[in-house]
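**Student:**
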Amino acid sequence: MNFTIDGLDQLIDQFERAEKNVPHEISKLTAILGSDLLSRVKDKTPVDTGALKNDWKMKPLDPFSIVVYNTIKYANLIEYGHRTRNGYGYVDGVYMLKKSVDELMTDRELYDYFNYIIESFWK
């Protein structure tokens, strides 16, 4: 009993091409998303002296992940809120980083770009 499977060589070629190209494309997507997040969080950061807004940075951890951070010592107080100096009042947090991440995760462009990457390897 003999049988033939048509298209198996083409499927193997597509998998090999994807194996080479997907990591590079995901790395590009990570950089794009990191830059987008950095821009969004800077836009949402309140400005008094500008130090907090200007200190936001992005650093790649590896080809597939980045971290957006701020080294100003009071950044967490602005993000999450804090008690006033006399201890009787409370200033609500701005949540500039949280809101920016939430926006990015619901952004349709993110899904469209990811789908483009996936679909481009099956053509």
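When we follow our numbering, the leftmost residue of the sequence shown carries the number 1211, and every step to the right adds one. Don't be surprised by glycine CBs; every beta carbon is placed ideally from N, CA and C. Quick caveat, the model's predicted, so the values are computed rather than measured.
(1) Looking at C-alpha atoms only, which residue of E1229, I1276, W1266 is the closest neighbour of L1243?
(2) In the structure shown, what three-state DSSP assignment does I1282 receive?
(3) Does any residue of chain D bring its CB to less than 9 Å from the CB of M1315?
(4) Please go through the same chain and pick out, in chain order, the residues whose beta-carbon is closer than 8 Å to the beta-carbon of D1216, but skip the five residues on each side of it.
(5) Can you check DSSP and say which residues form a bridge with D1322?
**Tutor:** Taking the geometry as given:
(1) Here residue 1243 refers to the residue found at position 33 of the sequence shown. Closest by alpha carbon: I1276.
(2) The residue labelled residue 1282 in the question sits at position 72 within the sequence shown. Three-state result, I1282: coil.
(3) Chain labels in this structure do not include chain D; a single protein chain is all it has.
(4) Within the sequence shown, the letter at position 6 stands for residue 1216. Excluding residues within five positions, none has a Cβ falling inside 8 Å.
(5) For this step, residue 1322 is matched to residue 112 along the sequence shown. DSSP lists no partner for D1322.
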